[in-house]
Amino acid sequence: MSGDHRAFLDATLPHLDAVHRVATHLTRQPADADDLAQETYLRAFAGFAGHHGQDTRAWLVAICLNTARSQARRVARRPQETLCATPAEDVPASTPDVSDTVLANLDREALTAALMRLPEPQRACVVLMDLAGLTAAEVATILSCPRGTVLARVHRGRRVLGRLLLAEGVRRDRA
Amino acid sequence: MTGHEPDLLTFLAGDLDPDAAARFDEHLLNCEACWQAVREDRAGRAAMERLQQPAPGGLADRIRFAVELSAGPRGHRPRRWPAAATGLVVVLLLTGLIPLALSRGARTADPRSVAAVVALARDMPPGVYPARNAARTVAIALGAPLQLQPGGQRLTVQYYRVRGLEVAVARSDTAFAMPGGATGLTSAGRGMAWLAQRGPVGLYCLNGPHPVLIAAVTPAVNLTRLATALPTS
């Protein structure tokens, strides 16, 4: 094992929240997310000596994704996800602004479910940018696609989630 | 989607220069489709903020523990003559001297707390629990913890299932004495970590701030890796 573990922990533990958010949306089970986060850190520690210059958060997230892929190859693959009907097809053309009340009361489970229904490429980009806090350029590097593609996927994913939020606002206003 | 999506994406990414951004702002006043797209994008970003939760309490400690475990013994080993040391271990393994040394240690009187943990690990009924999730890297606690005080050392023993194996984890406020025949993993005198084998039961001890003795029916060397999956408290 290479690298000083104290230096490693000092450098990486501040990013645990981001890693865990990514792990949560890769595994969908809290216990599995904890496992994945731990395995990510152990793998990262093993490769810490070779970590130079790259943003530490992006580096950890990339390891988390690779670890999840490795684990997925070892277990049965989940059924391929398909995009269900967008959750806000009946949103009126003119919708009210999103209020803090709607934000505060929005069902987290509904949001998570909507996120999970996004097509995988969109979901990956949304999770990495909006949950893990990576830049579009970092996400592009991790996913090996152009930055413009990342921006388009994030935008489309956010719009689906945004429609859910806006629809929720309409529903609450009508209630 | 409008035909303005490329400009819209650039605008949302903040990539437009000030003049171009001002022009797009004006465009938004007159283009309902783009304005709707901006609003939905911002609402979606706000929605994601609702999902930004911190990692569970204790996970950082668990990871710290796992990393320290994977680093500790190696970190404290003398770095001189690594190849010679490795060769010596291989020779000892091949000639059976290490198992012999460990088995000889088993015949010496172990500290009572160590002997108690060995007995608990040996007496664990194998195969009682379903073997599913054998690859799980997180430990599942089995039953309630046991409290005992062999030789005056207060122990709390909890059984776990991890990686398809039942493991007894004994925690104590005081360090576990290194028994005869054990292999120290840290520099002499510190007594921080040691491995021992008692028949089929492997032992792995970490005498850190919170001494832990891990025991399972497996070669002791397997426990160093297994221990990374165990909770810290």
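Chains as they are written, first to last, in numbering that gives the first Met the number 0: chain G, 0 to 174; chain U, 0 to 232. For every residue, glycine included, the Cβ atom is placed at its ideal position computed from N, Cα and C.
Which bits of chain G does residue i rub up against, with CB to CB less than 9 Å?
{"i": "Ser69/U", "result": "Met0, His4, Leu41, Phe44, Ala45"}
{"i": "Glu165/U", "result": "By Cβ distance, chain G contributes nothing, its closest Cβ being about 18 Å from Glu165/U, past 9 Å."}
Hey, residue i and residue j: beta-carbon distance below 8 Å or not?
{"i": "Leu59/G", "j": "Ala48/G", "result": "no"}
{"i": "Gly201/U", "j": "Asn221/U", "result": "yes"}
{"i": "Leu110/G", "j": "Arg122/G", "result": "no"}
{"i": "Gly147/G", "j": "Asp40/U", "result": "no"}
{"i": "Tyr203/U", "j": "Ala181/U", "result": "no"}
{"i": "Ala36/G", "j": "Leu58/U", "result": "yes"}
{"i": "Val66/U", "j": "Tyr40/G", "result": "yes"}
{"i": "Tyr159/U", "j": "Ala140/U", "result": "yes"}
{"i": "Val156/U", "j": "Leu145/U", "result": "yes"}
{"i": "Ala135/G", "j": "Val149/G", "result": "yes"}
{"i": "Ala228/U", "j": "Ala138/U", "result": "yes"}
{"i": "Ala46/U", "j": "Leu163/G", "result": "yes"}
{"i": "Arg107/G", "j": "Arg49/U", "result": "yes"}
{"i": "Pro55/U", "j": "Asp54/G", "result": "no"}
{"i": "Pro230/U", "j": "Arg61/U", "result": "yes"}
{"i": "Ala115/U", "j": "Leu147/U", "result": "yes"}
{"i": "His4/G", "j": "Ala70/U", "result": "yes"}
{"i": "Asp109/U", "j": "Pro178/U", "result": "yes"}
List, in chain order, every chain G residue whose beta-carbon is nearer than 7 Å to that of residue i.
{"i": "Thr234/U", "result": "As displayed, chain U neither begins before 0 nor continues past 232, which places residue 234/U out of reach and without an answer."}
{"i": "Val137/U", "result": "Ala30, Asp33, Asp34"}
Who are the Cβ neighbours of residue i in its own chain at under 7 Å, not counting the five residues just before and after it?
{"i": "Ala17/G", "result": "Arg56, Val60, Ala131, Gly132"}
{"i": "Ser102/U", "result": "Bear in mind that a pLDDT of 49 at Ser102/U, under 50, signals an unreliable position, so the model cannot answer this."}
{"i": "Gly86/U", "result": "For Gly86/U, the predicted structure reports a pLDDT of 49, less than 50, and the residue's modelled location is therefore unreliable. A value from the coordinates is still provided. Result list for Gly86/U: empty, nothing under 7 Å."}
{"i": "Cys33/U", "result": "Thr1, His3, Leu7, His26, Leu27"}
{"i": "Leu184/U", "result": "Pro72, Ala192, Trp193, Leu194"}
{"i": "Glu182/G", "result": "In the structure as shown, chain G starts at 0 and stops at 174, and residue 182/G therefore has no counterpart that could be examined."}
{"i": "His14/G", "result": "Thr55, Arg56, Leu59"}
Using a Cβ cut-off of 7 Å, pull out every chain U residue sitting near residue i, in sequence order please.
{"i": "Gln121/G", "result": "Near Gln121/G there are no residues of chain U at all, since even the closest Cβ is about 11 Å away, more than 7 Å."}
{"i": "Ala151/G", "result": "Leu8"}
{"i": "Thr111/G", "result": "Leu50"}
{"i": "Leu8/G", "result": "Arg63, Val66"}
{"i": "Asp54/G", "result": "Near Asp54/G there are no residues of chain U at all, since even the closest Cβ is about 18 Å away, more than 7 Å."}
{"i": "Val125/G", "result": "Met47"}
Could you please give the first and the last residue of the uninterrupted beta strand (DSSP E) stretch that includes residue i?
{"i": "Leu160/U", "result": "Just to set this straight, residue 160/U is Arg in the shown sequence, not Leu. From DSSP, the beta strand (DSSP E) with Arg160/U extends over 154-161."}
{"i": "Leu164/U", "result": "164-171"}
{"i": "Val200/U", "result": "200-205"}
{"i": "Ala45/G", "result": "Not the beta strand (DSSP E): Ala45/G falls in the alpha helix (DSSP H), residues 29-45."}
{"i": "Val216/U", "result": "211-216"}
What span of residues does the alpha helix (DSSP H) with residue i cover, start to end?
{"i": "Ser143/G", "result": "It is not in any alpha helix (DSSP H) - Ser143/G carries neither H nor E in the DSSP assignment."}
{"i": "Arg111/U", "result": "111-121"}
{"i": "Ala143/U", "result": "Run containing Ala143/U: none in the alpha helix (DSSP H); it sits in the beta strand (DSSP E), 139-147."}
{"i": "Gln196/U", "result": "Gln196/U -> not in any alpha helix (DSSP H); beta strand (DSSP E) instead, spanning 192-197."}
{"i": "Val33/U", "result": "Note on residue identity: the sequence assigns Cys, not Val, to residue 33/U. Per DSSP, Cys33/U belongs to the alpha helix (DSSP H) from 31-49."}
{"i": "Val125/G", "result": "119-125"}
{"i": "His14/G", "result": "Unbroken run through His14/G: none, as it is neither H nor E."}
{"i": "Pro5/U", "result": "4-11"}
{"i": "Ala109/G", "result": "107-116"}
{"i": "Leu15/U", "result": "Here Leu15/U belongs to no alpha helix (DSSP H), and DSSP marks it neither H nor E."}
{"i": "Thr134/G", "result": "Looking at the DSSP string, Thr134/G is not in any alpha helix (DSSP H), and its letter there is neither H nor E."}
Might you give, ordered along the chain, the residues of its own chain that have their beta carbon closer than 8 Å to the beta carbon of residue i, omitting 5 neighbours on each side?
{"i": "Gly112/U", "result": "This sequence places Ser at residue 112/U; Gly is not what is there. Contacts found: Pro149, Gly150, Gln152, Leu154, Ala169, Ser171, Phe175, Ala176, Leu212."}
{"i": "Ala105/U", "result": "Unreliable placement is indicated for Ala105/U, whose pLDDT of 44 sits below 50; the coordinate value is still reported in the next sentence. Correct list, in chain order: Gly180, Gln196, Arg197, Gly198."}
{"i": "Ala139/G", "result": "Pro145, Arg146, Thr148, Val149"}
Cutting at 6 Å between CB atoms, please list the residues of its own chain near residue i, excluding the five before and the five after it.
{"i": "Phe7/G", "result": "Phe44, Phe47"}
{"i": "Arg224/U", "result": "none"}
{"i": "Trp80/U", "result": "In this predicted model, Trp80/U has a pLDDT of only 37, less than 50, meaning its place in the structure is not dependable; the value taken from the coordinates is given anyway. Counting only Cβ-Cβ distances below 6 Å, and skipping sequence neighbours, we find nothing."}
{"i": "Leu205/U", "result": "Ala192, Val211"}
{"i": "Pro120/G", "result": "Arg152"}
{"i": "Thr26/G", "result": "Ala32, Leu35"}
What does residue i touch in chain U if you count any residue whose Cβ is under 8 Å from its own?
{"i": "Leu164/G", "result": "Ala42, Gly43, Ala45, Ala46"}
{"i": "Leu15/G", "result": "Ala54, Leu58, Ala59, Ile62"}
{"i": "Leu12/G", "result": "Ala59, Ile62, Arg63"}
{"i": "Ala135/G", "result": "Ala12"}
{"i": "Leu130/G", "result": "Met47, Leu50, Gln51"}
{"i": "Arg107/G", "result": "Arg49, Leu50"}
So residue i contacts chain G; which residues on that side make the cut at Cβ distance below 8 Å?
{"i": "Leu11/U", "result": "Leu150, His154"}
{"i": "Ala65/U", "result": "Gln37, Tyr40, Leu41"}
{"i": "Ala36/U", "result": "His154, Arg158"}
So residue i contacts chain U; which residues on that side make the cut at Cβ distance below 9 Å?
{"i": "His19/G", "result": "Gln52, Pro53, Ala54, Pro55, Leu58"}
{"i": "Gly49/G", "result": "Within 9 Å Cβ-Cβ: nothing; Gly49/G doesn't reach chain U, min ~16 Å."}
So which residues of chain A does residue i contact, with C-beta pairs closer than 7 Å?
{"i": "Glu25/U", "result": "Among the protein chains in the structure shown, which are G and U, there is no chain A."}
Within 8 Å, do at least three Cβ pairs link the segment 168-178 of chain U to the segment 205-219 of chain U?
yes
Answer yes if the segment 125-134 of chain G comes into contact with the segment 9-29 of chain U, meaning at least three C-beta pairs across the two stretches below 8 Å, and no otherwise.
no
So, does the segment 58-72 of chain G touch the segment 18-26 of chain G, judging by three or more C-beta pairs under 8 Å?
yes
For the structure I just gave you, are there three or more beta carbon pairs, one from the segment 142-155 of chain G and one from the segment 1-10 of chain U, closer than 8 Å?
yes
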